[in-house]
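A short worksheet on the structure shown next.
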Amino acid sequence: MPLKNFIKENFVLVTGLALPVLLVVLFFVASVLPKSMAVPPQYEMLFTEMRYDNQSMSPYNVDFFIKDGVLKARVWENPRQGGMVNRKKLLAYDGKTQSVREIAYDVSKIGKVPDQTEVVLDEVKNMKVDGSEKAPDGYEFENGGYGSGGLVTDIFGGGYRTGMPRVTKGAAVFKIPNNGNNYYGTNIQFLGWVIQK
Amino acid sequence: MSDKEDALQEIVSIAKNNGITLAEITRALTDLPARAAKQSSGILSKLFGYLGGIFVFAGICVFVHMYWGDFNSATRVLLTLGTGFALFIMALVTLSDERYARASTPLFLMSSALQPTGIFVMLDEYAHGGDPRHGTLFMASVMLIQHGATFWSKRRTTLAFSSIVFGGIFFATLFDMWDINEKLIGTVIGTSLLCIAYALNNSRHAAIAPFWYFVGSVSLLVSVYEAVEHTSFELAYLGIAAFMIFLSTFVRSRTLLLVSTLAMLGYIGWYTEEHFAHTLGWPLALIIGGLMLIGFGGMAVKLNNKYIKQQG
């Protein structure tokens, strides 16, 4: 029984080596298993991301919101047309495929309207959206935090972590993939759940 | 325990960990002049070895830096990862010949710096997108396997050190990717490092134990403090610091004693500032409590000497 003897003679060392492995196992049991056993989110989640545009040709600035189950846009004139502005990118997270798609929109089509006008854009006019925090299937949006990864992460070459935003239900956690986007803190805004496309 | 007894215990521990017999110690003590001459030549050879290593490493770095912009991707990888791997092979070769064995440490250290750099360069040149932490995880896995396996076979202290470093990078990155609570990461890795340091201290690799005692104890104490701060378990931190002081006497580590003493003093200072900022009774209570503890300590030693030790 050489292994048994080794463990007996080097019990403290084996404990030291086993502790991080044990944490990996515990994390697997507490996180990966519930996710693999859970039914993924059934409704697409709408959200916006602030994107810096250094040559915006859009005639309007846009802010999205949900009113009476409809995704609406509040628009006001873009005084820096052709210049640098922060533009809202409309995105939809599909929990079934665990992917994010961009919903491109064109505000130039709405014509001349006064500032703060509420409009329904053609690209989303058929959409029915539930603006509640909790989706009909029980999933909720949770924004990722921005903070230190802790002393150990700092010592071993880590740094500040940007916790990814996620959709959660109990122990089941689905992270929203970051496909070259810049999701952090207040840069991302939750809108609602797509009931009908 | 007197200083002489302490020293004797340390001699016994070193002899035990390095397999030195009583006859060898006696021979070394009776042959002091010859041993002193051998030691001075050993120091000289070590010194030149390290200086040579630094010069070679500096030369490679300066050369690579000067022409970096002119190199294509493959050349960049070859110069960093390739050189690092070649140095690693050279270090292994030197271990097989006693005459060159001293060169192994600088060679292992240079390869430990160049190979991870090379892996990052390779990923930067050929891989695109994704989470950069996946790259760190890949590097740490490769290096941990390489250094861990070589340590298992060759039992060199340098390799034990580098294996722990790469293991630490691997687990810290993995836990960070999984967004595991940073206080839990600190507590687990800190405890793990303390256990590993204890094992190192009782082996022929005792030279690196104080460093890992330091990293482990700081990680553990800081993480526990952050976890219990402003909670009802806050005073438990004082108990953990006291336990660490006890542990330091048990494992005979000055580093652990220093860190845990500083932790306890820091906590008492913080606690005073928070709850008894301008109360004269508190410092007086601390002084009286401290004197009582010293008194109890002395009494315990007397009791031990009078009743327990004699009976044993």
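Listed in order, the protein sequences are those of chains L and Y. If you count by this note's numbering, then the first sequence holds residues 1 to 197, one letter each, in order. If you count by this note's numbering, then the second sequence holds residues 198 to 509, one letter each, in order. Using N, Cα and C, we set each Cβ at its ideal position, and we do this for glycine too.
Simplified DSSP assignment, three categories, for residue i
i: Leu-191/L; result: strand
i: Phe-473/Y; result: coil
i: Val-152/L; result: helix
i: Gln-196/L; result: strand
i: Leu-71/L; result: strand
i: Asn-126/L; result: coil
i: Asn-214/Y; result: helix
i: Trp-375/Y; result: coil
i: Lys-112/L; result: coil
i: Thr-370/Y; result: helix
i: Thr-428/Y; result: coil
i: Phe-268/Y; result: coil
i: Asn-78/L; result: coil
i: Tyr-105/L; result: coil
i: Arg-166/L; result: strand
i: Asp-63/L; result: strand
Counted within 10 angstroms of its Cβ, other Cβ atoms place residue i as buried (16 or more) or exposed
i: Ile-361/Y; result: buried
i: Ala-460/Y; result: buried
i: Val-124/L; result: buried
i: Asn-54/L; result: exposed
i: Met-37/L; result: exposed
i: Phe-156/L; result: buried
i: Glu-426/Y; result: exposed
i: Leu-483/Y; result: exposed
i: His-344/Y; result: buried
i: Gly-16/L; result: buried
i: Thr-302/Y; result: buried
i: Lys-169/L; result: buried
i: Met-336/Y; result: buried
i: Val-415/Y; result: buried
i: Lys-213/Y; result: exposed
Residues near residue i by beta carbon distance below 6 Å, same chain, minus five either side
i: Ile-442/Y; result: Ser-457
i: Tyr-93/L; result: Met-45, Val-100, Ile-176
i: Phe-358/Y; result: Ile-405
i: Asn-143/L; result: Pro-165
i: Ile-110/L; result: Val-119
i: Asp-130/L; result: Gly-192, Trp-193, Ile-195
i: Ala-283/Y; result: none
i: Phe-473/Y; result: Trp-479
i: Met-374/Y; result: Arg-330
i: Phe-285/Y; result: Ser-308
Start and end residues, alpha helix (DSSP H) containing residue i
i: Phe-440/Y; result: 433–448
i: Lys-134/L; result: Premise fails: Lys-134/L is in no alpha helix (DSSP H) and is neither H nor E.
i: Leu-278/Y; result: First-last for Leu-278/Y: undefined, no H or E at that position.
i: Phe-6/L; result: 2–9
i: Val-318/Y; result: 301–323
i: Pro-34/L; result: 33–37
Boundaries (first-last residue) of the beta strand (DSSP E) holding residue i
i: Ser-99/L; result: 99–102
i: Leu-90/L; result: 85–94
i: Ala-172/L; result: 172–175
i: Val-119/L; result: 117–119
i: Asp-228/Y; result: No beta strand (DSSP E) contains Asp-228/Y, which DSSP labels as neither H nor E.
i: Met-45/L; result: 44–53
i: Arg-330/Y; result: From DSSP, Arg-330/Y is part of no beta strand (DSSP E) but of the alpha helix (DSSP H) over 329–351.
Proximity to residue i [Cα-Cα], best of the options
i: Val-85/L; options: Pro-165/L, Tyr-105/L, Met-57/L; result: Met-57/L
i: His-331/Y; options: Phe-368/Y, Phe-254/Y, Tyr-410/Y; result: Phe-368/Y
i: Thr-402/Y; options: Val-419/Y, Arg-352/Y, Leu-391/Y; result: Note on identity: in this sequence residue 402/Y is His, with Thr being the wrong assignment. Taking only the C-alpha atoms, the option nearest His-402/Y is Arg-352/Y.
i: Val-39/L; options: Gln-98/L, Ile-195/L, Asn-178/L, Asp-115/L; result: Gln-98/L
i: Val-113/L; options: Asn-61/L, Asn-187/L, Lys-134/L, Gly-69/L; result: Asn-61/L
i: Ser-132/L; options: Tyr-43/L, Val-24/L, Ile-7/L, Met-37/L; result: Tyr-43/L
i: Ala-103/L; options: Ile-7/L, Gly-150/L, Pro-79/L, Lys-197/L; result: It should be noted that the sequence gives Ile, not Ala, for residue 103/L. The shortest Cα separation from Ile-103/L among Ile-7/L, Gly-150/L, Pro-79/L, Lys-197/L belongs to Lys-197/L.
i: Ser-270/Y; options: Phe-317/Y, Glu-322/Y, Leu-219/Y; result: Glu-322/Y
i: Gly-95/L; options: Glu-140/L, Asp-63/L, Lys-72/L; result: Glu-140/L
i: Val-21/L; options: Phe-447/Y, Ile-386/Y, Ala-283/Y, Thr-428/Y; result: Ile-386/Y
i: Leu-275/Y; options: Leu-481/Y, Leu-311/Y, Phe-305/Y; result: Leu-311/Y
i: Lys-67/L; options: Lys-128/L, Thr-153/L, Ser-108/L; result: Lys-128/L
i: Tyr-52/L; options: Arg-80/L, Leu-33/L, Gly-69/L; result: Arg-80/L
i: Ala-424/Y; options: Ile-382/Y, Cys-392/Y, Leu-356/Y; result: Ile-382/Y
Neighbourhood of residue i by C-beta distance below 8 Å, restricted to the same chain and skipping five residues each side
i: Ser-31/L; result: Ala-171, Val-173
i: Gln-508/Y; result: Note that Gln-508/Y scores a pLDDT of 48, beneath 50, so its modelled location is shaky; the value from the coordinates is reported in the next line. Excluding residues within five positions, none has a Cβ falling inside 8 Å.
i: Lys-243/Y; result: Arg-299
i: Lys-201/Y; result: none
i: Thr-48/L; result: Phe-64, Lys-88, Lys-89, Leu-90, Leu-91, Ile-188, Gln-189, Leu-191
Contacts around residue i, its chain only, beta-carbon distance under 7 Å, and the 5 residues preceding and following it disregarded
i: Tyr-422/Y; result: Tyr-434
i: Phe-411/Y; result: Thr-452, Val-456
i: Tyr-105/L; result: Leu-90, Leu-121, Glu-123
i: Ala-396/Y; result: none
i: Asn-78/L; result: Ser-56, Ser-58, Pro-59, Tyr-60, Asn-61, Val-85
i: Ala-394/Y; result: Ala-406, Trp-409, Tyr-410, Gly-413
Any non-hydrogen atom of the ligand NAP within 7 Å of residue i CB
i: Val-209/Y; result: Because no ligand of any kind appears in the structure shown, any question about the ligand NAP cannot be addressed here.
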